[in-house]
Amino acid sequence: MSEKVVIIGGGLTGLSAAWELEKRHIAYTLIEVKGRLGGSIISERRGGFVFDGGPMTFERTGDWSFLDELGLQDALYEVVGRGVQLNAPTSHAAFKDRTQTLTDMLAQRLTDTVMLRMAVTSLGTVGGQYTVCLENGLALTAGALI
Numbered sequence: 169m170s171e172k173v174v175i176i177g178g179g180l181t182g183l184s185a186a187w188e189l190e191k192r193h194i195a196y197t198l199i200e201v202k203g204r205l206g207g208s209i210i211s212e213r214r215g216g217f218v219f220d221g222g223p224m225t226f227e228r229t230g231d232w233s234f235l236d237e238l239g240l241q242d243a244l245y246e247v248v249g250r251g252v253q254l255n256a257p258t259s260h261a262a263f264k265d266r267t268q269t270l271t272d273m274l275a276q277r278l279t280d281t282v283m284l285r286m287a288v289t290s291l292g293t294v295g296g297q298y299t300v301c302l303e304n305g306l307a308l309t310a311g312a313l314i
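My numbering puts the first residue of the sequence shown at 169, with every later residue one more than the last.
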């Protein structure tokens with residue numbers, strides 16, 4: 169049985185999953201249809217300005233200690249503004265430099281197989297294993313899919 173994990177999608181969720189597997193020394197292949205990692209998170213500099221595509225601010229709830237592990241402990245600033253107060257006070261934050269900082273730092277830490285510009289055409293199971301078929305005819309087998 170293959171213990172390898174196949175991760176479909178190289179956005180924030182796929183990168184986070186790969187990083188968690190990396191820390192646990194679990195083999196993986198990350199497949200991304202685009203020519204770059206990061207999904208909808210993209211930042212571009214033009215004329216001294218940063219343009220963020222995708223989310224720019226986010227609600228800061230839960231445990232954010234993972235930023236320390238990525239060397240990003242000081243990468244955020246608090247966003248102050250008016251909003252709707254729900255059940256509990258919340259804090260909103262954004263990255264000081266650019267939103268893509270987070271996905272870039274995750275991508276830099278990946279050492280296992282990353283396949284860019286590769287589309288998944290079908291998924292199936294054979295003998296208790298997952299089979300992932302790619303547009304180029306390659307078929308990968310895995311013990312788990314993300």
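All residues carry an ideal CB built from backbone N, CA and C; glycine is no exception.
Item                                                                                                 : Value
Opposing strand residues paired with THR293 [DSSP bridges]                                           : TYR298
Beta-carbon proximity of LEU205 to ALA275, cut-off 8 Å                                               : yes
DSSP-derived helix/strand/coil call for SER211                                                       : strand
TYR298 beta carbon less than 8 Å from that of ALA287                                                 : no
Assumed close pair SER211, VAL218 - CB separation to whole angstroms, cut-off 8 Å                    : 6 Å
Neighbourhood of ALA185 by C-beta, 7 Å cutoff - its chain only, sequence neighbours within 5 removed : ILE175, ILE314
Candidates MET273, LEU278, GLY179, PHE226: closest to HIS193 by CA position                          : LEU278
Among ASP242, CYS301, PHE226, nearest to SER233 - alpha-carbon criterion                             : ASP242
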